[in-house]
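Here the structure is laid out as structure tokens; the discussion comes afterwards.
In the working numbering, the protein residues as written are 120 to 241.
Following this line, the structure appears as structure tokens:
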């Protein structure tokens, strides 16, 4: 699994449509912080409908979402993908840039911060 921080040009519109759908469905305010296997996804996108793996963060909570994206007359139709991959948990440790920003914000508010790591999550 390769994670790219920025969506390739070919996937930007689909990524934004997926993000809008995910935020509306979950009532969240996620931002895209990574695209999973972007090169493979670009190749699949040329063939029609494709699965898009996103790493999303909302504050200090990050998640992996897998969606199916289909081209439509209105732009894109997005739906949840069936994911049965035990190797990649749905909740993820935030990417380094997000974690550093959060940590700096906490250190501005407090004299010290205790980080607890549990099963790969913080």
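All C-beta atoms in this analysis are idealised placements derived from N, C-alpha and C, irrespective of residue type, glycine included.
Helix, strand or coil at residue 235 according to DSSP, with G and I counted as helix: Taking the chain shown and counting its residues from 1, the one referred to as residue 235 is at position 116. The answer is coil: DSSP assigns residue 235 none of H, G, I, E or B.
Could you name the residues of the same chain whose beta carbon sits closer than 6 angstroms to that of residue 147, not counting the 5 residues immediately before and after it, in chain order? Mapped onto the chain shown, residue 147 falls at position 28. Cβ within range, chain order: 177.
Does the beta-carbon of residue 195 have 16 or more other beta-carbons within 10 angstroms, so that it is buried, or is it exposed? The residue you call residue 195 lines up with position 76 of the chain shown. Buried is the call here.
CA-to-CA distance, residue 155 to residue 234, given in whole angstroms: Taking the first residue of the chain shown as 1, we reach residue 234 at position 115. Taking the first residue of the chain shown as 1, we reach residue 155 at position 36. When rounded, the distance between both Cα atoms is 27 angstroms.
Do the segment 135-144 and the segment 183-195 meet, that is, are 3 or more Cβ pairs less than 8 angstroms apart? yes
Buried or exposed: where does residue 197 fall if 16 or more other Cβ atoms within 10 Å of its Cβ makes it buried? Counting from one through the chain shown, the residue named residue 197 turns up at place 78. Residue 197 should be labelled buried.
Same chain only: Cβ atoms within 8 angstroms of residue 232, ignoring 5 sequence neighbours per side: Within the chain shown, the letter at position 113 stands for residue 232. These residues qualify, in order along the chain: 222, 225, 226.
In the DSSP assignment, what are the bridge partners of residue 199? As a working mapping, residue 199 is identified with position 80 in the chain shown. Answer is 186.
Got a sec? Which residues, its chain only, sit under 7 angstroms from residue 142 by beta carbon, not counting five neighbours each side? Position 23 of the chain shown, counting from 1, holds the residue named residue 142. 148, 149.
Supposed contact pair residue 153 and residue 123 - C-beta distance, whole angstroms, cut 8 angstroms: Along the chain shown, one-based indexing puts residue 123 at 4. Along the chain shown, one-based indexing puts residue 153 at 34. Rounded, the Cβ-Cβ distance is 6 angstroms, consistent with contact.
If you measure between the beta carbons of residue 161 and residue 129, is that distance less than 9 angstroms? Residue mapping note: residue 161 aligns to position 42 of the chain shown, counting from 1. Residue mapping note: residue 129 aligns to position 10 of the chain shown, counting from 1. Taking 9 angstroms as the Cβ cut-off, residue 161 and residue 129 qualify as a contacting pair.
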